[in-house]
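Colleague: Last residue of the sequence shown: 234 in the working numbering, with the numbers rising by one and none dropped. Every residue gets a Cβ at the ideal spot worked out from N, C-alpha and C, and that includes glycine. It should be emphasised that the depicted structure is a prediction, and the values quoted were computed from it without experimental measurement.
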Amino acid sequence: MGDHILSEVAVFGPESCCVEPHATDSWTVTDVDRSRLGGDSNEVHAVFTLTGDPGATLPASVDRAGVERVFSYDDRHVFRVTRPDGQGCVCDCLERAGCVVRDITVEPESLVVTFLVEDADLLGTVLDELRATADCIQLRRLVESARANDEARPIVFDRATLTDRQEEVLRVALEMGYFEHPRDATAGDVAAKLDITTTTFTEHLAAAQGKLLTGVLG
17 MGDHILSEVA VFGPESCCVE PHATDSWTVT DVDRSRLGGD SNEVHAVFTL
67 TGDPGATLPA SVDRAGVERV FSYDDRHVFR VTRPDGQGCV CDCLERAGCV
117 VRDITVEPES LVVTFLVEDA DLLGTVLDEL RATADCIQLR RLVESARAND
167 EARPIVFDRA TLTDRQEEVL RVALEMGYFE HPRDATAGDV AAKLDITTTT
217 FTEHLAAAQG KLLTGVLG
């Protein structure tokens, strides 16, 4: 792939991935690797890792039909889940658009997907499709890459386009580790620090991210 954009999006809302039900307060889903079976099969395999407290009971969801334990070691357990294709998964939406899914992480409040997309126009189309099926999405990270033989293209962003409140929301969220993987703070934690509601926090954050996206992509 030549020029491309590495995007990281948090999707909030209804169950949006076949691995999402396996994330709990005690167990985190990481290292998701998806593949489609060849031939006439209409199934998708997803291999994922559950990481958590070795003394904690594994989530009941791993005992469902279609979930197979691959192996376990210390506090990590690797499973394979099989499901029919075309069930409205976030990854299905991305792959239909020609995006390459790089990583999936399930957090307490959202599904975080990192993927490669060829250009800003296609990214906008994909984000619109995700918004149509989710309660809320947040664009967390955006990195534009040039071809290996080209020079890097610097991007200048005017911080004056942000309101004081939007800049404060971004700064506090960053300082508290809201954008880390896994998160050091939830949306509720940051909202409490700012003395605002979680809804108000997500609205300010979405507005600020929209301005950042406009500044980066033009």
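1) Under three-state DSSP, which class holds V35?
2) If you draw a straight line from the C-alpha of V94 to the C-alpha of C33, how long is it?
3) How would you label G68, buried or exposed, when you count the other beta carbons within 10 angstroms and need 16 or more for buried?
4) Buried or exposed: where does T215 fall if 16 or more other Cβ atoms within 10 Å of its Cβ makes it buried?
5) State the CB to CB distance for the pair V129 and L110, rounded to an integer number of angstroms; the pair is presumed to be in contact (CB under 8 Å).
6) What three-state label does DSSP hand E84 in the structure shown?
7) Which of helix, strand or coil does DSSP assign to C115?
8) Could you tell me which whole alpha helix (DSSP H) segments of length 4 or greater appear in the segment 180 to 222?
9) So which of L228, Q225, K227 and A203 has the shortest CA-CA distance to F217?
10) Whole angstroms are fine: how far does the CA of F64 sit from the CA of F87?
11) What three-state label does DSSP hand C105 in the structure shown?
12) Is R50 near A39, with beta carbons less than 8 Å apart?
Modeller: The structure says:
1) coil
2) Taking the straight line joining both Cα atoms gives about 17 Å.
3) Counting other Cβ atoms within 10 Å of its Cβ, G68 reaches 16 or more and is therefore classed as buried.
4) exposed
5) 7 Å
6) strand
7) coil
8) With a minimum length of 4 residues, the continuous alpha helix (DSSP H) runs that stay inside the segment 180 to 222 are 180 to 191 and 203 to 210.
9) A203
10) 11 Å
11) The answer is coil: DSSP assigns C105 none of H, G, I, E or B.
12) no
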